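Engineer: The structure is given below, and queries will be raised subsequently.
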Amino acid sequence: MKNIFARLAFVAFVCLLPHQETTAQNRFVVMELNCENLFDTKHDSLKNDNEFLPGAIRGWSPRRYWKKLAHTAQTIVAVGEGQTPPDIVALCEVENDSVLYDLTRRSPLRNLGYKYCVTESPDARGIDVALLYQPETFKLIQSEFFRIEQKAGQRPTRDILHVSGCVMSGDTLDVMVAHLPSMLGGRLKSEPFRVCVAEKIRLTADSIQSVRHKPKIIIIGDFNDYPDSKPVAEVVGAVRPPAQNDSIKANSYYNLMNGKQKKNGNTIGTYRYKGYWNIIDQCIVNGLLLTDTENLCTTYEDAQICDFEFLLEPDLKFGGMKPFRTYNGMKYREGYSDHLPIRIVFRDSFSR
-8 MKNIFARLAF VAFVCLLPHQ ETTAQNRFVV MELNCENLFD TKHDSLKNDN
42 EFLPGAIRGW SPRRYWKKLA HTAQTIVAVG EGQTPPDIVA LCEVENDSVL
92 YDLTRRSPLR NLGYKYCVTE SPDARGIDVA LLYQPETFKL IQSEFFRIEQ
142 KAGQRPTRDI LHVSGCVMSG DTLDVMVAHL PSMLGGRLKS EPFRVCVAEK
192 IRLTADSIQS VRHKPKIIII GDFNDYPDSK PVAEVVGAVR PPAQNDSIKA
242 NSYYNLMNGK QKKNGNTIGT YRYKGYWNII DQCIVNGLLL TDTENLCTTY
292 EDAQICDFEF LLEPDLKFGG MKPFRTYNGM KYREGYSDHL PIRIVFRDSF
342 SR
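So the sequence shown is numbered by our numbering: it starts at -8 and just counts up by one.
And the structure:
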C-alpha cells in the first residue's frame, strides 16, 4: 500500500513540475544512472536478449517493463530535488531506441520534454548507453559514437557516446557517456579491456581540448572500476581535485567522485558487492569546468551520490543498506536498480 501511494504521488508530482523554460534559476544539473538491464519485451534477432523475453527464465513481461520505466522516471525526477528535472541524464544498460522512446514519451517523463541520443553498440546482449537532454538548456550541436577495437579475448563492448551542445551561457559542452567492460573473469584479467576504452576516452578528450576555444568536457558513466584504478587514474589521468582552486590546471582531468565514500559518517558508494560499497559510477571534468566561475562551472562539493531512501533496502546478509535491485540473481525484486545515481550541480551564469 505504501508503494502504491508513493507511485501515485510521484505521477502527480511530475505533472505539476514546471517546464524548464519557465524557470529563472541558473542551476544546470547532470546525472548518471546505470539502469540495471532496461530491456523491452521484444526479441532482437541480432542480440542475445533471450533472458528478457516473456516466458523466459527471468519472467520478464510488459507489466514488469512498464514498472521498470516508471521506476527509472521516478529516479530521474528525484535527482532534480523537486525543482526542475536534470538538464542532462546519462544512462547505462539501456537496450535500444525503442526503450528510450518509451521512457521519454510514454512513461511519467513524457511531460518533461526530454530528447535523447543513444548508441547501437556491438555488445552481445544489446546493452547501450544514452543521453537524455532538455533542449531548452542544452541545444544539441552533434552526436557521434566511437567503437572500441577489440583486443584478443575481448568480447564486443559498448560504444562511447559523444554529444556536443550549447548551454545557456553560450559555452559549448562536450559530454562523453561510457560503460566500460565489467570485471568478469577477475579484476586484473579484465583490466586491459577497460584500459582499451580508457585510452579512447583520453584520446577523444585531448582532441576536443586541442580544437575547442575554452573547452568544457564531462566524461560520465559506469567505469566498472574504482577512482584510483589504472584505467581511470592513470590512463584517463583523472585525479581528485586539489583543495585550492589555483592548483587546478584548465586542461587536466578531475574525478568528482574520488573520495566520496563517506556521507554523514557512513560509508557509501554507487554499487555494493558482498557487503562492500564501491564507487564505479563516476564523473570526470576538465579543469576549466572548475575554474571558469564566470560561465558554466561546478565544484567538488557539488557532486554527490544520491542515496534516496526509496532506492535502498536492508542488506540482510552483510548488514547496512544496499541498492533496491530489480533482480537479485534470477529472482524478481520489483526494485529500481543495482546502482545508485550520481548528481553534479553546475552553475550557468546566464540568468534565464
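In this text, a Cβ means the ideal position worked out from N, Cα and C, and glycines have one as well. In this text the structure is predicted, and so the values were computed from the model without any measurement.
If you measure from the CB of residue 262, is any heavy atom of the ligand ZN nearer than 6 Å?
Structural biologist: This structure does not include the ligand ZN; it has no bound ligands of any sort.
Engineer: Opposite residue 245 in the DSSP bridges: which residues?
Structural biologist: 230 and 276
Engineer: Since residue 253 sits in a beta bridge, which residues does DSSP pair it with?
Structural biologist: 258
Engineer: If you draw a straight line from the C-alpha of residue 98 to the C-alpha of residue 63, how long is it?
Structural biologist: 9 Å
Engineer: To the nearest angstrom, how far is it from the Cα of residue 114 to the Cα of residue 147?
Structural biologist: 5 Å
Engineer: Less than 7 Å between the C-beta atoms of residue 155 and residue 162, yes or no?
Structural biologist: no
Engineer: Thinking C-beta only, is residue 249 closer than 7 Å to residue 206?
Structural biologist: no
Engineer: When the Cα of residue 327 is compared with those of 50, 32, 67 and 278, which residue comes out closest?
Structural biologist: 67
Engineer: Taking DSSP as the reference, what is the three-state secondary structure of residue 115?
Structural biologist: In this structure, DSSP gives residue 115 a state outside helix and strand, which the three-state scheme calls coil.
Engineer: Kindly indicate which three-state DSSP category residue 122 falls into: helix, strand or coil?
Structural biologist: strand
Engineer: For residue 305, write down the residues that DSSP places opposite it in a beta bridge.
Structural biologist: 312
Engineer: When you compare the segment 216 to 233 with the segment 258 to 275, are there three or more beta-carbon pairs, one atom per stretch, that lie closer than 8 Å?
Structural biologist: Yes, the segment 216 to 233 is in contact with the segment 258 to 275.
Engineer: Look at the alpha carbon of residue 379 and the alpha carbon of residue 131, and state the distance between them as a whole number of angstroms.
Structural biologist: Residue numbering for the chain in the displayed model covers -8 to 343; residue 379 lies beyond these limits and cannot be assessed.
Engineer: DSSP three-state call for residue 105: helix, strand or coil?
Structural biologist: coil
Engineer: Please state if the CB of residue 20 and the CB of residue 336 are separated by a distance shorter than 7 Å.
Structural biologist: yes
Engineer: Suppose the cutoff is 6 Å on Cβ atoms and the five residues either side in sequence are ignored; what does the same chain contact list for residue 313 look like?
Structural biologist: 263 and 306
Engineer: Can you tell me whether residue 237 is helix, strand or coil according to DSSP?
Structural biologist: helix
Engineer: I'd like the span of the beta strand (DSSP E) that includes residue 208, first residue to last.
Structural biologist: 207 to 213
Engineer: So residue 152 and residue 108 are supposed to be a Cβ contact under 8 Å. How far apart are they, rounded?
Structural biologist: 6 Å
Engineer: Excluding sequence positions up to five away, which residues of its chain have a Cβ less than 8 Å from the Cβ of residue 175?
Structural biologist: 181
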